[in-house]
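For the record, in the sequence shown the residue sitting at position 147 is 133 according to this note's numbering, with numbers rising by one throughout.
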Amino acid sequence: MILALAIGGILAGCTNTEAPTAVISGAPEPLTRDVFFDVPRRGPVPLKVAGKLPSVINESSGLAQASESGVFWTQNDSGDRARVFAIDAYGKLVGQAGKSGVVITNARNVDWEDLAEDFRGNLLIGAFGNNNNHRRDLSIYQVPMPDPATATTADATARWIFHFPDQKEFPPEEKNYDCEAMFVAQGKIYLLTKHRDDTMTTLYRLDSRDETESNALTLLAQGNLRGMVTGAASWNDGQRVAVLSYSGVWVFTPPTSDGARIFEGAVSWMPIRAGQAEAVAFLDADTLIITNEQREVFHVQISEMSTVSRRD
């Protein structure tokens, strides 16, 4: 089967959430050219349940590695307080932060869809769920990495509101501006969209981190990942990037750990059956941890994934 990749201080309480229409002038050409991949014929792999999340985490939507090895942060989607929970690789609550979560005191949980570590001592919280494609307050919170053993509260030290430079209508006719996936590579923040009308995803980068106005993302590439993208994570500051969809999981090895070039390097892929899987992180260089909204935890060995070859 052939897969085509077509490239194509504000904190909580902010009242100015109107995102101006913006066009990036003089932007560099996308680094990722059109590529094709030969995807082997392979049926969905039913993932074996490795653990179970507690009932207090009833809609796990993001995962990020904590400062302690084998400990992860996760969060509920909208409907919960502005808090994150510490869990181990099997879903068990960890430390003080696991009991009732770490409350982010100056944030609001409005469609928190993904988490990421920035490899510089911070936890990033993606408040960018956009099912109806009409939000103008999409944002990312930066929080100093809490200590799972002792933390009960934390403060966001920054909040960056952003908008998609190519979105002209709110909502647009084509619902291509939902977002549930974020990763960091070489200190830069990348987002992958969840298209509602097709199986494409669009890759953007947050280049400006102005806290006084909405930041226009940089559009980089577009690829067909055969399903709606629901999560992303990186290993070793972009050495590897995992991208999760409802139908499969992908691992990219971008050249020089450049997140803008994730479609150019080596690619591994596995079609999966794992319920409504919405969060992914690296347990180690060869193991992924995935959670779904049925509170199940899965482990995936990258070595068991299929190699996908690029057709030049």
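Ideal Cβ placement from N, Cα and C applies to all residues, glycine included.
Exercise for the section: Give the DSSP-derived three-state secondary structure of Gly173 in the structure shown. Expected result: coil
Exercise for the section: Could you tell me the distance, in whole angstroms, from the CA atom of Leu206 to the CA atom of Ile275? Expected result: 27 Å
Exercise for the section: Tell me, please, whether the stretch 216 to 226 touches the stretch 260 to 274 by the rule of three or more beta-carbon pairs shorter than 8 Å. Expected result: A contact exists between the stretch 216 to 226 and the stretch 260 to 274.
Handout entry: For Ala167 and Asp184, the rounded distance between their alpha carbons
Key = Approximately 17 Å, taken between the alpha carbons.
Exercise for the section: May I ask you to report which of helix, strand or coil DSSP gives Gly251? Expected result: coil
Practice task
Flag this pair as touching only if the stretch 245 to 258 and the stretch 129 to 141 have three or more C-beta atom pairs under 8 Å; answer yes or no.
Solution key: no
Practice task
Would you identify the three-state DSSP class for Lys34, choosing helix, strand or coil?
Solution key: In the structure shown, Lys34 sits in coil (DSSP, three-state: anything other than H, G, I, E or B).
Exercise for the section: Use the C-beta contact count for Asn119: other C-beta atoms within 10 angstroms, 16 or more gives buried, fewer gives exposed. Expected result: Buried, by the Cβ-count rule.
Exercise for the section: Within its chain, find whatever has a CB closer than 6 Å to the CB of Gly81; leave out the 5 residues flanking it on each side and keep chain order. Expected result: Ala72, Pro134, Ala135
Problem - Terminal residues of the alpha helix (DSSP H) in which Ala83 lies - result: First-last of the alpha helix (DSSP H) with Ala83: 81 to 86.
Handout entry: Neighbour flag for Glu160 against chain D, beta carbons, 8 Å
Key = Protein chains in the displayed structure number just one, and chain D is not present.
Practice task
List the residues that DSSP assigns as beta-bridge partners of Tyr190.
Solution key: By DSSP's assignment, Tyr190 forms a beta bridge with Leu177, Leu205.
Exercise for the section: Tell me where the beta strand (DSSP E) around Tyr76 begins and ends. Expected result: That residue, Tyr76, is in no beta strand (DSSP E); it is neither H nor E in DSSP.
Handout entry: Spatially closest choice to Thr283 from Arg28, Gly29, Pro26, Leu33, by CA coordinates
Key = In the sequence on display, residue 283 carries Val and not Thr. Taking only the C-alpha atoms, the option nearest Val283 is Leu33.
Handout entry: Own chain, CB closer than 6 Å to Phe156, minus 5 neighbours either side, in chain order
Key = Cβ-Cβ distances below 6 Å link Phe156 to His120 in the same chain, with the five nearest sequence neighbours on each side left out; the list follows chain order.
Handout entry: CA-to-CA distance, Val57 to Tyr76, given in whole angstroms
Key = Approximately 10 Å between the Cα atoms of the pair.
Practice task
Reducing DSSP to helix, strand and coil, say where Thr139 ends up.
Solution key: strand
Handout entry: Close-in-space but distant-in-sequence residues of the same chain around Val89 (CB under 8 Å, 5 per side omitted)
Key = Arg67, Ala68, Arg69, Thr138, Thr139, Ala140
Practice task
May I ask you to report which of helix, strand or coil DSSP gives Thr185?
Solution key: Residue state, collapsed to three classes: coil.
Handout entry: Three-state secondary structure assigned by DSSP to Ser220
Key = Residue state, collapsed to three classes: strand.
Exercise for the section: Inspect the beta-carbon positions of Thr277 and Ile288 and report whether they are closer than 8 Å. Expected result: no
Practice task
Check whether the Cβ atoms of Val25 and Phe105 sit closer than 8 Å, and answer yes or no.
Solution key: The Cβ atoms of Val25 and Phe105 do not sit closer than 8 Å to each other.
Exercise for the section: Provide the residue(s) that pair with Ser292 in DSSP beta bridges, ordered along the chain. Expected result: Trp255
Exercise for the section: Under 7 Å Cβ to Cβ from Asn117, same chain only, skipping five residues before and after it: list those, please. Expected result: The beta carbon of Asn117 is closer than 7 Å to those of Asp164 in its chain, skipping five residues each way along the sequence.
Handout entry: Length of the line joining the Cα atoms of Asn44 and Ser194
Key = 34 Å
Practice task
Evaluate Glu99 with the Cβ neighbour count: other Cβ atoms within 10 Å of its Cβ, from every protein chain shown; 16 or more gives buried, anything less gives exposed.
Solution key: buried
Problem - Status (buried if at least 16 other CB within 10 Å, exposed otherwise) for Lys180 - result: buried
Problem - Assigned exposure category for Pro14 - 16 Cβ within 10 Å defines buried - result: Confidence at Pro14 is low in this model, with a pLDDT of 42, below 50, so its placement is unreliable and the value that follows should be read with caution. Its Cβ having fewer than 16 others within 10 Å, Pro14 is exposed.
Practice task
List the whole-angstrom C-beta distance separating Leu178 from Leu192, where the pair is believed to meet the contact cut-off of C-beta under 8 Å.
Solution key: 12 Å between Cβ atoms; not a contact.
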